[in-house]
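This report refers to the structure that appears directly beneath it.
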Amino acid sequence: MPHKKVIVIGSGLGGLSAAISLRQEGYEVIIHEKNNKIGGKLNVLKAEGYTFDLGPSILTLPHIFERLFEKSGKKMSDYIPIRPLRPHWRNFFEDGKVVDLDPDPEIQAAEARKVGEDPGNVERFLKYSADLYDLTNEGYFEQGLDTAADFREFYGLGKFLKFDLFRSMHGGVKRFLKTRHMQDIFDYFIKYVGSSAYHSPAFMNCMPTIQYRYDLWYVDGGLYNIAIGLQKLMDELGVKVALNSEVSEIHKQGDTVTGIIANGELHRADIIVSNMEVIPAYQRLLSEDDDFMKSLEKFEPACSGLVIELGLDRKYEQLAHHNFFYSDHQKEHFHTVFKKHELPPDPTIYLVAASRTDPSVAPEGCDCLKILPHIPYIDDDNPLTREDYGALKERVLDKLERMGLTDLRKHIVFEHFWTPLDIREQYHSNKGSIYGVVSDRFKNLAFKAPKQSAKYPNLFFVGGSVNPGGGMPMVVLCGQNVAKKVVAWDGVCS
Ligand SMILES: Cc1cc2nc3c(=O)[nH]c(=O)nc-3n(C[C@H](O)[C@H](O)[C@H](O)COP(=O)(O)OP(=O)(O)OC[C@H]3O[C@@H](n4cnc5c(N)ncnc54)[C@H](O)[C@@H]3O)c2cc1C
């Protein structure tokens, strides 16, 4: 068993997964977290009898989380209670049409017919998605590939071409799906990585398979119970956590990192894993020069979000657990957010009503809603104000009232909202991004930064800003793959 000391900076899910996986390999591991609780963006707000997931609310690919427990001979179900949801998503359109996504082929076919889509088109699209998933999973996800060179070596030219490289995600969707409604819905799977269906590569169409094959899950009591379950596992394994411990500097000697400064105190380490995103970490903790920082520009942030929580004094029975209210002009919505970097006049809105499934999260007879339109990351040269974001919030409420949540404003008894400025302050994410690095076919071909620093070989990164990118299961997988990289590198160096 190695007794080397690893410091993990940050307790987001990627940091927790790396810490657990490295401890399981015998390393002494301590996490330094600036906030007063673990989880990072996996966060919770409890107020006046309502429980809101402030961050993620959709759990997918739970088998990736299960590996953290299996490796120590334990069962995830003893730590984190999960259950599948039906329907997966309910989709509302301005023309009054409502369509559900459901993994049952017969139900899905009936839903497709409601908007005039041939169910065969959906089946063929899902087969295309499954092929892309299997291809992406075998190398990019499971082998933890980091660069185009890794891709070439693992896949070879023949398989590389199967990634449908010459189309955008929307191009892939429109090959199979003919109605605007179904195109808008399947384009919006890009929500899972905070990017644009019109600007990301076609292989992002692997995402529907994540839901259709592996289901969509809820964690009883709210998603923060994932963090609580992981804390219990870490206690049993002996992973230490220092809360309220903000890292202000990474110490270096030549090309080796030697420790961190947290709350003014030096802590030495043999290996450092940063769950602080790559760009803020190089800029603020390592003070790298402008030339080096320029080389990272292709890792542009994914979108941010306006995160609105509403406690209501009634239920809106037409809502499912997960709901989407579509922009009437989704192409423009994507263009406005991702290219013009402006607040959208008519955003597509994601709305979670966890009270539909879980009575413990709201008083009896009431709904608790989390509402999340995707919006641009912060432009520090031309920052928006809280009033600008407030005006968008009013447009969102107008749209929801227009699309069936009649008199919504009159039924709000508790309200809370976070802008990108709050998100950046909370998590130190790059420009308030909520999913790490954007997936853009021309900018980075959906590659994020590599897990091992090119400058300091004993410095590693984990989380949404490195491959394979944002989303809970992906950052947990990233933590497992970072641990493998550390072990392999350490084995060669020792
Ligand atoms: C509103 C919202 C909705 C989302 N919805 C979903 C969803 O439904 N499903 C899904 O799968 N994903 C969703 N995501 C994305 C998902 O939450 C993230 O991709 C994932 O949780 C990020 O994990 P991470 O490892 O990158 O770390 P982060 O969560 O970014 O955590 C980083 C941690 O590092 C700490 N830190 C940073 N700098 C320092 C420092 N200098 N010193 C000490 N500590 C530091 C931060 O405080 C933070 O705790 C959502 C995110 C948000 C915000």
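Residue numbers (this note's numbering): 1 to 494. Backbone N, C-alpha and C define an ideal beta-carbon position, used for all residues, glycine too.
Identify which residue in the options has its Cα closest to the Cα of residue i.
{"i": "K451", "options": "K46, G144, G120 and V44", "result": "G144"}
{"i": "K75", "options": "I423, K232 and C366", "result": "K232"}
{"i": "P105", "options": "D118, G254 and E94", "result": "D118"}
{"i": "Y188", "options": "F414, S327, E33 and T136", "result": "S327"}
{"i": "G40", "options": "H32, C368 and S11", "result": "S11"}
{"i": "N263", "options": "R23, I20, H32 and Y27", "result": "H32"}
{"i": "R386", "options": "F417, A353 and Y198", "result": "F417"}
{"i": "L243", "options": "G254, N35 and E142", "result": "N35"}
{"i": "Y140", "options": "R268, L286, M204 and D235", "result": "M204"}
{"i": "R441", "options": "R124, R268, K298 and L372", "result": "K298"}
{"i": "N225", "options": "F186, R23, K484 and L13", "result": "L13"}
{"i": "Y214", "options": "L85, P457, D490 and K178", "result": "L85"}
{"i": "S72", "options": "D146, P473, T336 and E236", "result": "E236"}
{"i": "R356", "options": "R90, M474 and H3", "result": "R90"}
{"i": "L405", "options": "A483, L312 and E415", "result": "L312"}
{"i": "Y427", "options": "G15, I7, K5 and H3", "result": "G15"}
{"i": "L372", "options": "F338, P347 and G365", "result": "P347"}
{"i": "V239", "options": "K5, V487, S494 and V492", "result": "K5"}
{"i": "L384", "options": "D422, H267 and L351", "result": "D422"}
{"i": "Y133", "options": "S245, D164, R83 and A454", "result": "D164"}
{"i": "D255", "options": "V8, N458, M474 and S17", "result": "N458"}
{"i": "E394", "options": "D381, P344, D358 and D380", "result": "P344"}
{"i": "A454", "options": "L296, L445 and L477", "result": "L296"}
CB-CB under 6 angstroms to residue i, same chain, minus the five flanking residues each way: which ones, in chain order?
{"i": "N430", "result": "E277, I279, P280 and P301"}
{"i": "A227", "result": "I38, G39 and L42"}
{"i": "I378", "result": "P420, K431 and G432"}
{"i": "F334", "result": "S196 and Y198"}
{"i": "V98", "result": "F92"}
{"i": "N467", "result": "D146 and K448"}
{"i": "P376", "result": "V337 and H341"}
{"i": "M511", "result": "Residue 511 lies beyond the range of the chain shown here (1 to 494); nothing can be said about it."}
{"i": "L29", "result": "Rather than Leu, the amino acid found at residue 29 in this sequence is Val. Once the five neighbours on either side are set aside, the close Cβ partners of V29 are V6, A19, L22, R23 and V239."}
Can you list, in chain order, the residues of its chain whose CB lies under 7 angstroms from that of residue i, leaving out five sequence neighbours each side?
{"i": "L408", "result": "L397, L400 and E401"}
{"i": "M403", "result": "F92, E94 and F325"}
{"i": "G436", "result": "E277, A302, K448, G463, G464, S465, G469 and G470"}
{"i": "M293", "result": "Y282 and Q283"}
{"i": "F186", "result": "F125, V173, L177 and P208"}
{"i": "I329", "result": "The residue asked about is misnamed: residue 329 is His in this sequence, not Ile. Cβ within range, chain order: D346."}
{"i": "Q183", "result": "V173, K174 and L177"}
Compute the beta-carbon to beta-carbon distance between residue i and residue j, rounded to the nearest angstrom, for a pair I have assumed lies under 8 angstroms.
{"i": "S274", "j": "F65", "result": "That belief does not hold up - the Cβ atoms of S274 and F65 are roughly 22 angstroms apart, past 8 angstroms."}
{"i": "T51", "j": "V361", "result": "4 angstroms"}
{"i": "R167", "j": "A202", "result": "4 angstroms"}
{"i": "S129", "j": "C206", "result": "6 angstroms"}
{"i": "E309", "j": "L45", "result": "6 angstroms"}
{"i": "Q211", "j": "H88", "result": "6 angstroms"}
{"i": "I250", "j": "V241", "result": "About 19 angstroms; that fails the 8 angstroms criterion."}
{"i": "L223", "j": "D78", "result": "That pair is no contact at about 18 angstroms."}
{"i": "L216", "j": "I58", "result": "6 angstroms"}
{"i": "A483", "j": "L22", "result": "5 angstroms"}
{"i": "Q318", "j": "R67", "result": "In fact, because the Cβ distance is near 38 angstroms, the residues do not count as touching under 8 angstroms."}
{"i": "I260", "j": "I9", "result": "7 angstroms"}
Per DSSP, which residues does residue i bridge with? Please list them.
{"i": "A130", "result": "BP columns for A130 are empty, so no partner."}
{"i": "P373", "result": "I349"}
{"i": "V115", "result": "Beta-bridge pairing links V115 to no other residue."}
{"i": "I7", "result": "I30 and I272"}
{"i": "G39", "result": "G12"}
{"i": "Y224", "result": "Beta-bridge pairing links Y224 to no other residue."}
{"i": "R90", "result": "D100 and N323"}
{"i": "L59", "result": "W217"}
{"i": "K46", "result": "T51"}
{"i": "P201", "result": "S168"}
{"i": "H181", "result": "Answer is none; H181 lacks a bridge partner."}
{"i": "W418", "result": "V307"}
{"i": "A242", "result": "H32"}
{"i": "R83", "result": "Y218"}
{"i": "V492", "result": "BP columns for V492 are empty, so no partner."}
{"i": "L459", "result": "I272"}
{"i": "E249", "result": "I261"}
{"i": "Q452", "result": "F460"}
{"i": "V466", "result": "A449"}
{"i": "V437", "result": "P301"}
Under 8 angstroms Cβ to Cβ from residue i, same chain only, skipping five residues before and after it: list those, please.
{"i": "K252", "result": "T258, L286 and Y456"}
{"i": "C368", "result": "Y50, T51, F52, E309, L310, G311, L312, A353, A354, S355, V361 and A362"}
{"i": "S245", "result": "H32, E33, K34, A262 and N263"}
**Prompt:** Unbroken beta strand (DSSP E) runs of length 3 or more, entirely within the stretch 256-321: which are they?
**Reply:** Segments of the beta strand (DSSP E) lying fully in the stretch 256-321: 256-262, 265-268, 271-274 and 307-312.
**In chain order, each alpha helix (DSSP H) run of at least 4 residues that lies wholly inside the stretch 355-411** = 386-402
**Request:** Scan the stretch 127-172 and note each continuous beta strand (DSSP E) run of 3 residues or more that stays entirely inside, going in chain order.
**Result:** none
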